[in-house]
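Protein chains: 2
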Amino acid sequence: MERQGFSFEIVKGGGAARLARFETPHGVMETPTFVAVGTQAAVKGVMPETVAATGTQVLFANTYHLYLRPGQEVVSRHGGLHRFMNWQGPIMTDSGGFQVFSLGASITHGVGKVANIFPDETGGVPVLDRSRSPQGDSLVEVGEEEVRFISHIDGSRHVFTPEKSIAVQRALGADIVLAFDECTSPLHDDVYTKQSAERTHRWAERCLAYFERHPPQHGYEQALYGIVQGGAVQAIREESAEVIAAMPFDGLAIGGNLGKSRQEMYLVLDWTLPRLPVEKPRHLLGIGDVPSLFEAVERGCDTFDCVAPTRNARNGALFCRFDDDGSPLANFRLNLRNARFASDLEPVDPSCDCPTCKHYSRAYLRHLFKADEQLAQQLATVHNLRFMARLCEEIRQSLRDDTFQELKRSWLEPSGVC
Amino acid sequence: MERQGFSFEIVKGGGAARLARFETPHGVMETPTFVAVGTQAAVKGVMPETVAATGTQVLFANTYHLYLRPGQEVVSRHGGLHRFMNWQGPIMTDSGGFQVFSLGASITHGVGKVANIFPDETGGVPVLDRSRSPQGDSLVEVGEEEVRFISHIDGSRHVFTPEKSIAVQRALGADIVLAFDECTSPLHDDVYTKQSAERTHRWAERCLAYFERHPPQHGYEQALYGIVQGGAVQAIREESAEVIAAMPFDGLAIGGNLGKSRQEMYLVLDWTLPRLPVEKPRHLLGIGDVPSLFEAVERGCDTFDCVAPTRNARNGALFCRFDDDGSPLANFRLNLRNARFASDLEPVDPSCDCPTCKHYSRAYLRHLFKADEQLAQQLATVHNLRFMARLCEEIRQSLRDDTFQELKRSWLEPSGVC
Numbered sequence: 001m002e003r004q005g006f007s008f009e010i011v012k013g014g015g016a017a018r019l020a021r022f023e024t025p026h027g028v029m030e031t032p033t034f035v036a037v038g039t040q041a042a043v044k045g046v047m048p049e050t051v052a053a054t055g056t057q058v059l060f061a062n063t064y065h066l067y068l069r070p071g072q073e074v075v076s077r078h079g080g081l082h083r084f085m086n087w088q089g090p091i092m093t094d095s096g097g098f099q100v101f102s103l104g105a106s107i108t109h110g111v112g113k114v115a116n117i118f119p120d121e122t123g124g125v126p127v128l129d130r131s132r133s134p135q136g137d138s139l140v141e142v143g144e145e146e147v148r149f150i151s152h153i154d155g156s157r158h159v160f161t162p163e164k165s166i167a168v169q170r171a172l173g174a175d176i177v178l179a180f181d182e183c184t185s186p187l188h189d190d191v192y193t194k195q196s197a198e199r200t201h202r203w204a205e206r207c208l209a210y211f212e213r214h215p216p217q218h219g220y221e222q223a224l225y226g227i228v229q230g231g232a233v234q235a236i237r238e239e240s241a242e243v244i245a246a247m248p249f250d251g252l253a254i255g256g257n258l259g260k261s262r263q264e265m266y267l268v269l270d271w272t273l274p275r276l277p278v279e280k281p282r283h284l285l286g287i288g289d290v291p292s293l294f295e296a297v298e299r300g301c302d303t304f305d306c307v308a309p310t311r312n313a314r315n316g317a318l319f320c321r322f323d324d325d326g327s328p329l330a331n332f333r334l335n336l337r338n339a340r341f342a343s344d345l346e347p348v349d350p351s352c353d354c355p356t357c358k359h360y361s362r363a364y365l366r367h368l369f370k371a372d373e374q375l376a377q378q379l380a381t382v383h384n385l386r387f388m389a390r391l392c393e394e395i396r397q398s399l400r401d402d403t404f405q406e407l408k409r410s411w412l413e414p415s416g417v418c
Numbered sequence: 001m002e003r004q005g006f007s008f009e010i011v012k013g014g015g016a017a018r019l020a021r022f023e024t025p026h027g028v029m030e031t032p033t034f035v036a037v038g039t040q041a042a043v044k045g046v047m048p049e050t051v052a053a054t055g056t057q058v059l060f061a062n063t064y065h066l067y068l069r070p071g072q073e074v075v076s077r078h079g080g081l082h083r084f085m086n087w088q089g090p091i092m093t094d095s096g097g098f099q100v101f102s103l104g105a106s107i108t109h110g111v112g113k114v115a116n117i118f119p120d121e122t123g124g125v126p127v128l129d130r131s132r133s134p135q136g137d138s139l140v141e142v143g144e145e146e147v148r149f150i151s152h153i154d155g156s157r158h159v160f161t162p163e164k165s166i167a168v169q170r171a172l173g174a175d176i177v178l179a180f181d182e183c184t185s186p187l188h189d190d191v192y193t194k195q196s197a198e199r200t201h202r203w204a205e206r207c208l209a210y211f212e213r214h215p216p217q218h219g220y221e222q223a224l225y226g227i228v229q230g231g232a233v234q235a236i237r238e239e240s241a242e243v244i245a246a247m248p249f250d251g252l253a254i255g256g257n258l259g260k261s262r263q264e265m266y267l268v269l270d271w272t273l274p275r276l277p278v279e280k281p282r283h284l285l286g287i288g289d290v291p292s293l294f295e296a297v298e299r300g301c302d303t304f305d306c307v308a309p310t311r312n313a314r315n316g317a318l319f320c321r322f323d324d325d326g327s328p329l330a331n332f333r334l335n336l337r338n339a340r341f342a343s344d345l346e347p348v349d350p351s352c353d354c355p356t357c358k359h360y361s362r363a364y365l366r367h368l369f370k371a372d373e374q375l376a377q378q379l380a381t382v383h384n385l386r387f388m389a390r391l392c393e394e395i396r397q398s399l400r401d402d403t404f405q406e407l408k409r410s411w412l413e414p415s416g417v418c
């Protein structure tokens, strides 16, 4: 990478999988690594120093959310996200594309729908009714030039363009920013998926142009990633990979509809990754379950963001490989709300070195969950983030030792997901 | 104090106010000190090491809550509260009396009310309808021998006696435990208040007897405090103070109805404290606002528990002496939800040394509160606990330096509450 303060050095990369050292203006990540999500400039319920102590190297924040609240100007006045949220390490921001589309009820593409999208042209706040989407109403309208959407917070109206997305991300000041893209869903047909991918390619060019014309604002460079789209359609996905790969992005992200099953996602990765330049970092958007992580690393992905570890933690699902009898746990989870833990003095995972497992029993955690104490969510989040960090540490060590396949089998075979 | 592991040494005590060193089996407190509340064996939303780092020396947990959930047996199996909740320092538990009475809708004292109190004798769960209290129904029935109440959690029926309260507190294993008392309210007449205080005195004898017959369970001694009742009626309060003071308790607490205003509470303290033995520690139950703390210290109180600092924090009220223009803040609070802080880069209190003030702006805190991020409550709680700890540090220093009156005036005169 040619940006000042950035370097992406593949330390070991026999097959597609690679171990790398990724330097950013806010420190080095060793990859493959999981990216913890802090949507609104906070990892929910956990102080940043506690997040860092889990071994988490990098955070992912959301442009859509921060644009709407508190607004990028406020963040910018702090000198960017790092100072605003007191996170010293690298940060990524998405482009806002995914949220614009996923928080809209569904995507409509007709003309003349503005009256439906903005039903109250007199200035009142439209009611946000997701149930109306089957009738063709939507909170989002996609055009070649711009996307119009209604805030999920207060019903206010907004316009995003590729340029606007980059401008907001320049103000937010993450180390790694993403090009603005349209996210299609499995409900879209091939014709629309192809049109959409091509529009995303044109938006990618506009993002690059705007990014290069507008320098960083906080005294350090930012890296811009392009996003491969194309749904789960081989020809479209392959073409998107080739088009985006040919553009002068600093890194590549794989986004959008990745299919309806893990197997379909693996196919999407098979179509995509061989078409991406080896020397650039690759990010897989929104994926963080254990089997997918192994399969994506195997195919050459470097970083992964996903809300699952933190969201599951808040719901009482703590990540763990084996149950007490040695049997593999479904989805690598223990549900700490379960009555069987009511007087269980053991830690969540006796083999875990996180503060939660070192200092607290399952009975205490269950008590906190049953009593609706926020500390439950915090302690659970710390454990799940440490689980993800340790998993990535094991993966990196196996790449160093040429034992990745053995590690993958040891994790996935007992669960039957290999 | 003659319990092993305990000593209460008055370091300086010219007038009624005193600076003391209070040793417990789980470490030393310097008093006067604020006791942070961790009702359900957790200071809401904050890890214990973070609580300790604020300078908080001692926690207060609730027997009523922990008896109902998770049950004292579970806590006992962990070796007591300290290990259960990972708090290394001293802990106090109340007796359950206050919650039994305050979580009941109102207190009824007639005979033959059992059918009203436990409306569903067939075993179903009674509906907990506080609004029925004006009709004389209640969740609580007080008898000489026992108190019957309905759980606020699931409507289950329970009986507490003085002996049961001590048994539960022996199992919980706090360093300091409280005798079981009845809390009267300002709505009770003098006749009832007197009858109730006398019953509380008989319960105090029963607590002492049970406590001495049943040794501690976790390998260290506990100290038992008696509670002075008597409402806001001078003769009854004075008599209660004398009766409780004459019993062989390790310390004394002042509880119940302390009047309808701060001025009335100061009178209650004036009636009570001169009647308590100088050499025993004194705890003021449920009081923690700044003016009351100064007045109670001045009259000889050593420790104080109150939910206000933590509860206010969760509601966005951060403790601070002065506004930006130097004017005193009403109730020593800044409301961080206020729009004026939307892009305010200053810390909550530039003179504060807490992690929240060191690392975060008012704008960030306001953003977290507006975005319903739990981290807001955590960061605010840390600040308010540090505020209380610093206030107590200043008070102790002033007692050491014989400048308590000057300190009190400097805090209270600008606010007009002196």
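Residue numbers (the numbering used here), protein chains in the order written: chain A, 1 to 418; chain B, 1 to 418. No residue lacks a Cβ here, since even glycine has one placed at the ideal position from N, Cα and C.
TODO: Could you name the residues of chain B that G316 of chain A contacts, counting a contact when the two beta carbons are closer than 7 Å?
DONE: Against chain B, a Cβ distance below 7 Å from G316 of chain A picks out nothing, because the smallest value is about 15 Å.
TODO: State the Cα-Cα distance for the pair L103 of chain A and E73 of chain B, rounded to the nearest angstrom.
DONE: Near 47 Å, if we compare the C-alpha coordinates of E73 of chain B and L103 of chain A.
TODO: Apply the 10 Å Cβ neighbour rule to R170 of chain A and answer buried if 16 or more other Cβ atoms are within range, or exposed otherwise.
DONE: Classification of R170 of chain A: buried, given that the 10 Å Cβ count is 16 or more.
Open item on the list: Considering only DSSP beta bridges, list what I428 of chain B is partnered with.
Closed with: Missing from the structure shown is residue 428 of chain B; chain B here goes from 1 to 418 and no further.
Open item on the list: What are the residues in the stretch 356 to 370 of chain A lying within 8 Å of chain B by C-beta distance?
Closed with: Taking 8 Å as the cut-off between beta carbons, the residues of the stretch 356 to 370 of chain A near chain B are H359, Y360, S361, A363, Y364, R366, H367, L368 and K370, in sequence order.
Task: Proximity to A389 of chain A [Cα-Cα], best of A:G15, A:V11, A:E298 and A:E30 - done: The candidate whose alpha carbon is nearest that of A389 of chain A is A:E30.
Task: Three or more C-beta pairs below 8 Å linking the stretch 191 to 207 of chain B and the stretch 400 to 409 of chain A - done: By the Cβ criterion, the stretch 191 to 207 of chain B is not in contact with the stretch 400 to 409 of chain A, since fewer than three pairs of Cβ atoms, one from each stretch, lie closer than 8 Å.
- [ ] Compare the C-beta of E335 of chain B with all C-beta atoms of chain A and state if any pair is closer than 9 Å.
- [x] In the sequence as displayed, the identity of residue 335 of chain B is Asn instead of Glu. Not closer than 9 Å to any Cβ of chain A, the Cβ of N335 of chain B fails to qualify, so no.
Task: Inter-residue spacing [alpha-carbon to alpha-carbon] between G416 of chain A and L375 of chain A - done: In this structure, the CA atom of G416 of chain A is about 34 Å from the CA atom of L375 of chain A.
Open item on the list: With a threshold of 8 Å on Cβ separation, who are the neighbours of K370 of chain A within its own chain once the five nearest residues in sequence on each side are excluded?
Closed with: Cβ within range, chain order: R337.
Open item on the list: Closer than 8 Å is the cut-off here; do at least three beta carbon pairs connect the stretch 283 to 293 of chain B with the stretch 303 to 315 of chain B?
Closed with: They touch, by the three-pair rule.
Task: Extent of the continuous beta strand (DSSP E) run through G97 of chain B - done: It is not in any beta strand (DSSP E) - G97 of chain B instead sits in the alpha helix (DSSP H) that spans G97 to L103.
Task: Extent of the continuous beta strand (DSSP E) run through N335 of chain B - done: Note, N335 of chain B: beta strand (DSSP E), R333 to N335.
Open item on the list: Between the alpha carbons of G329 of chain B and D323 of chain B, how many angstroms are there, rounded?
Closed with: In the sequence under discussion, the amino acid at residue 329 of chain B is Leu, which differs from the Gly named in the question. If I take the Cα positions, the gap works out to 6 Å.
Task: Contact set between F84 of chain B and chain A, taken where Cβ atoms lie within less than 9 Å - done: What F84 of chain B touches in chain A: Y360, S361, A363, Y364 and H367.
Task: Presumed contact (8 Å Cβ cut-off) between D372 of chain A and A20 of chain A, rounded CB distance - done: The beta-carbon separation of D372 of chain A and A20 of chain A, rounded to 42 Å, does not stay under the 8 Å limit for a contact.
- [ ] Mind listing the chain A neighbours of S261 of chain B? Cutoff is C-beta to C-beta under 9 Å, in chain order.
- [x] Using a Cβ-Cβ cut-off of 9 Å, S261 of chain B is close to nothing in chain A; its nearest Cβ partner there is about 33 Å away.
Open item on the list: Is R311 of chain B close to chain A? Criterion is C-beta to C-beta, closer than 9 Å.
Closed with: No, R311 of chain B does not count as interfacial toward chain A.
Task: Of the listed residues B:R333, B:V140 and B:N257, nearest to D190 of chain B (C-alpha basis) - done: Ranking B:R333, B:V140 and B:N257 by CA distance to the CA of D190 of chain B puts B:N257 first.
Open item on the list: Can you tell me whether K260 of chain B is buried or exposed? The criterion is at least 16 other CB atoms within 10 Å of its CB, across all chains shown.
Closed with: By the 10 Å Cβ count, K260 of chain B comes out exposed.
Open item on the list: In chain order, what are the residue ranges of uninterrupted beta strand (DSSP E) at least 3 long that sit wholly in the stretch 240 to 321 of chain B?
Closed with: Restricting attention to beta strand (DSSP E) runs no shorter than 3 residues, the stretch 240 to 321 of chain B encloses them at 251 to 254, 282 to 284, 303 to 306 and 317 to 319, ordered along the chain.
Task: Any 3 or more C-beta pairs closer than 8 Å across the stretch 206 to 215 of chain B and the stretch 8 to 19 of chain B - done: Taking 8 Å as the limit for Cβ pairs, the verdict is that the stretch 8 to 19 of chain B does not touch the stretch 206 to 215 of chain B.
Open item on the list: Just to check my reading of the structure: H367 of chain B and P70 of chain A have Cβ atoms closer than 8 Å, yes? What is that Cβ distance to the nearest angstrom?
Closed with: The beta-carbon distance between H367 of chain B and P70 of chain A, rounded to whole angstroms, is 4 Å. This is short enough to meet the 8 Å contact definition.
- [ ] Name the two residues that bound the continuous beta strand (DSSP E) containing H65 of chain A.
- [x] H65 of chain A: not part of any beta strand (DSSP E); member of the alpha helix (DSSP H) spanning T63 to L68, first to last residue.
Open item on the list: On the criterion of 16 or more Cβ atoms from any shown chain inside 10 Å, does D250 of chain A qualify as buried, or is it exposed?
Closed with: Buried is the call here.
Open item on the list: For a test of the three-state rule: what should DSSP assign to T33 of chain A, helix, strand or coil?
Closed with: T33 of chain A falls in the strand class under three-state DSSP.
Task: 6 Å CB neighbourhood of P162 of chain A in its chain, flanking five on each side removed - done: By the criterion of a C-beta distance shorter than 6 Å, P162 of chain A is surrounded in its chain by F180, W203, R206 and C207, once the five residues flanking it on both sides are discounted.
Task: Environment of A235 of chain A [buried if 16+ CB atoms lie within 10 Å] - done: Exposed.
TODO: Return the bridge partner residues of V177 of chain A from the DSSP annotation.
DONE: According to the DSSP secondary-structure assignment, V177 of chain A is paired through a beta bridge with A:T93 and A:L224.
Open item on the list: Between S102 of chain A and chain B, is the shortest Cβ-Cβ distance under 9 Å, so that the two count as touching?
Closed with: Residue contact check for S102 of chain A against chain B: no CB pair falls below 9 Å.
TODO: Would you mind reading off the limits of the beta strand (DSSP E) that contains V147 of chain A?
DONE: V147 to I150 is the span of the beta strand (DSSP E), which, as asked, contains V147 of chain A.
Open item on the list: Contact criterion: CB-CB distance below 9 Å. Does R77 of chain A meet it with respect to chain B?
Closed with: Residue contact check for R77 of chain A against chain B: a CB pair falls below 9 Å.
Task: Between the CA atoms of C392 of chain B and T33 of chain B - distance to the nearest angstrom - done: Between T33 of chain B and C392 of chain B, the alpha-carbon positions lie close to 6 Å from each other.
Open item on the list: So E198 of chain A and F101 of chain A are supposed to be a Cβ contact under 8 Å. How far apart are they, rounded?
Closed with: That pair is no contact at about 16 Å.
- [ ] Give the straight-line distance between the Cα atoms of H359 of chain B and N86 of chain A, rounded to the nearest whole angstrom.
- [x] Using only the alpha carbons, I get a separation of about 6 Å.
Task: Contacts that K194 of chain B makes with chain A (C-beta to C-beta distance below 7 Å) - done: Those within 7 Å of K194 of chain B in chain A number zero; the least Cβ separation is about 37 Å.
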